[in-house]
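Using the numbering used here, the letters of the sequence shown map in sequence onto residues -18 to 479. Glycine residues also receive a C-beta, built at the ideal position from the N, C-alpha and C atoms. Worksheet: the structure to be examined is printed underneath.
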Amino acid sequence: MSDQTFDVIVVGGGNAAFCAALSAHEQGVKVLVLERAPKAQRGGNSAYTGGGFRMVHDGVATVKTVVPDLSEGEIANTDFGEYTAEQYLDDLGRVTQWYCDPDLAEAVVRGSTETVQWLHGKGVRFVPRFGRYAFKHEGKFKFFGGTVVEAAGGGRGLVQAEYTAAEKRGVQIRYNAQAVALLRGRGGVQGVRVVADGVEEEIRAKAVVLASGGFEANREWRARYLGPGWDMAKVRGTRYNTGDGIRMALDIGAQAYGQWSGCHSVSWERYAPDFGELDRPITASRNGYPFSIMVNAEGRRFVDEGADFRNYTYAKYGRVVLEQPGSFAWHVFDSQVEHLLHEEYRSKGTTKVQANTLEELVAKMEDVHPGRFLETVREYNAAITRDVPFNPNVKDGRCTQGLAIDKSNWANAIEKPPFAAYAVTCGITFTFGGLKIDTTTHVLDIADAALPGLYAAGELVGGLFYFNYPGSSGLMAGSVFGRIAGREAASHALSLKV
């Protein structure tokens, strides 16, 4: 049994956890971070992300507060637009079908800009998010969809900066330490039981912050809560997010909250490994589908690829792919749009076929009905409103008319060789169901009363995302609530010292 005591223990090793640890440290308390993974695999799902942060901003003035080295050329050639709190709240409401908890949504939105600035002050370097949220069109970048900055070096760069900041400040970090239970006393939660190197030990603390992710890496829970077939999905990120933090809290009476049958899932390389690869975190992403047609094994389209900007549809279309025959699909492009595809389409391990005729292409597309595919392309090409100009930076209204599933925007004919097709399946990012918290991140019991000494942040918080997700809002929510959780946990610990 450990005789070492701390003021605050943070369970988890990703962005939300380190926002909590850094925030708690600001209050002058002794902090321990428990990371289940070995050091080489640290960082949770955060390390696998692109590092984007969706924040309220009023254009270049806000961007310069977190990207002070923005060049004159970047400023001159970029329309950053603006993203108001009202637009952010509307996006969260719209994509979640208005199920999202309004108080949690408001807390994320109102705290977003200040929290990114706070992270910048801790040593996280940010850069403009060109490429994924802004295409160069007619000589100028124009941002769309609310996200304008990302951590330099993506998720790995973010995590590295946060670990460096914590280590510099004396925050203790233990690796290979799996928290398995919460310790309780008269005053509430008073520490955690940990398994490290096969040995159980108890570590005491005055407050605990749970920030250990969802249950997406737990096959059994996926099948149990998300439904049949989800045990077969690929996991985009870490193998260590198996729901430990959620289970520990439920065991002591915490309230389950949010959409337990929902998750963030995307088009992913069909033959990717079962779990993410930290040295190649996003190379299996396949997010260029708004400029494609997506076809299934029957050779048919099954979704409106251009319903909205990618960042408002990608997190729900993985589920749609999983529901197709054989749980796979193909993204099909012609040479007119292939320059718009991100580098992951050209990465090692990509399942790609290419040909100069559609007949040759479909002959190479494994498991696809050739006749129906050719019929699908002919019907699609004939239905396009060709008098509407194509523009990848706006919802251009270049659509199809009269198809069973019309494409709403970016409808380019598949007619100019060479043609290319990419095989995809479903990759799960994180689960939406989790624990209920209030806006001060206290974990609540079934009667909506706070469990003393217990706080939560990150992907194990339920109630924010349902059905879908606006891109780059996960890291943002984890940061906002992580920062609050650290401050609240430290305040609770200090109150017990008096």
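- Per DSSP, CYS0 is one residue of the alpha helix (DSSP H) stretching across -4 to 7.
- Excluding sequence positions up to five before and after ARG91, its CB lies within less than 7 Å of the CB of ALA66, all in the same chain and listed in chain order.
- One Cα belongs to GLY136, the other to ARG185, and the distance between them is close to 31 Å.
- In the DSSP assignment, GLN153 falls outside any alpha helix (DSSP H) and lies within the beta strand (DSSP E) extending over 153 to 155.
- Cβ atoms of ARG353 and GLU279 come within 8 Å of each other, at about 6 Å.
- In the DSSP assignment, TYR295 falls within the unbroken alpha helix (DSSP H) covering 291 to 303.
- Distance from the CA atom of SER52 to the CA atom of GLY179, rounded to whole angstroms, is 52 Å.
- Take GLU181, set aside five residues on each side of it, and the residues of its chain with a beta-carbon closer than 8 Å to its own are VAL161, ARG174, VAL175, in chain order.
- When DSSP reads this structure, SER193 sits in no beta bridge, so it has no partner.
- ARG165 and THR223 have their C-alpha atoms roughly 23 Å apart.
- Within the same chain, and ignoring the five residues on either side of THR145 in sequence, the residues whose Cβ sits closer than 7 Å to its Cβ are GLY104.
- As the crow flies, the alpha-carbon of GLY195 is around 36 Å from that of ALA401.
- Look at ALA237 here: in three-state DSSP terms it is strand.
- TYR206 carries a helical assignment under DSSP once its states are collapsed to helix, strand and coil.
- Around the beta carbon of LYS417, a 10 Å sphere encloses 16 or more other beta carbons of the protein chains shown; the residue is thus reported as buried.
- If you ignore the 5 residues before and after LEU355, its C-beta comes within less than 8 Å of the C-beta of GLY280, LEU339, GLU340, VAL343, all in its own chain and listed in chain order.
- Out of GLU325, LYS388, VAL405, CYS380, the CA that lies nearest to the CA of SER308 is found in VAL405.
- One Cα belongs to THR357, the other to THR46, and the distance between them is close to 49 Å.
- ARG35 counts as buried, since at least 16 other C-beta atoms from the protein chains shown sit within 10 angstroms of its C-beta.
- Put simply, the backbone Cα of ALA474 is about 27 Å away from that of LEU445.
- Taking one beta carbon from each stretch, the segment 420 to 430 and the segment 219 to 237 have 3 or more pairs nearer than 8 Å; the two touch.
- Distance from the CA atom of CYS407 to the CA atom of SER246, rounded to whole angstroms, is 6 Å.
- C-alpha of LYS123 to C-alpha of ASN268: approximately 18 Å in a straight line.
- Counting along the chain, the unbroken beta strand (DSSP E) around ARG165 starts and ends at 158 to 166.
- With fewer than 16 other CB atoms across the displayed protein chains lying within 10 angstroms of its CB, GLN382 is exposed.
- No Cβ-Cβ contact shorter than 8 Å links SER273 with VAL216.
- A straight line joining the alpha-carbon of TYR293 with that of ASN449 spans about 8 Å.
- Beta-bridge partners of PRO451 (DSSP): none assigned.
- THR219 places its beta carbon 8 Å or farther from that of ALA1.
- Residue pairing for MET275: DSSP places it in a beta bridge opposite HIS312.
- For GLU95, the closest of ALA470, LEU432, PHE462 by C-alpha to C-alpha distance is PHE462.
- Listed in chain order, the non-local C-beta contacts of ASP285 below 7 Å within the same chain comprise ILE386, ASP387, LYS388, SER389, local neighbours out to five positions each way being set aside.
- Annotation for PRO351: the continuous alpha helix (DSSP H) segment containing it runs 351 to 363.
- When secondary structure is reduced to three states using DSSP, LEU259 falls in the coil class, being assigned neither helix nor strand.
- Looking at the backbone, the Cα of ALA392 and that of GLY287 are separated by about 7 Å.
- Under the three-state reduction of DSSP output, ILE386 falls in the coil class, being neither helix nor strand.
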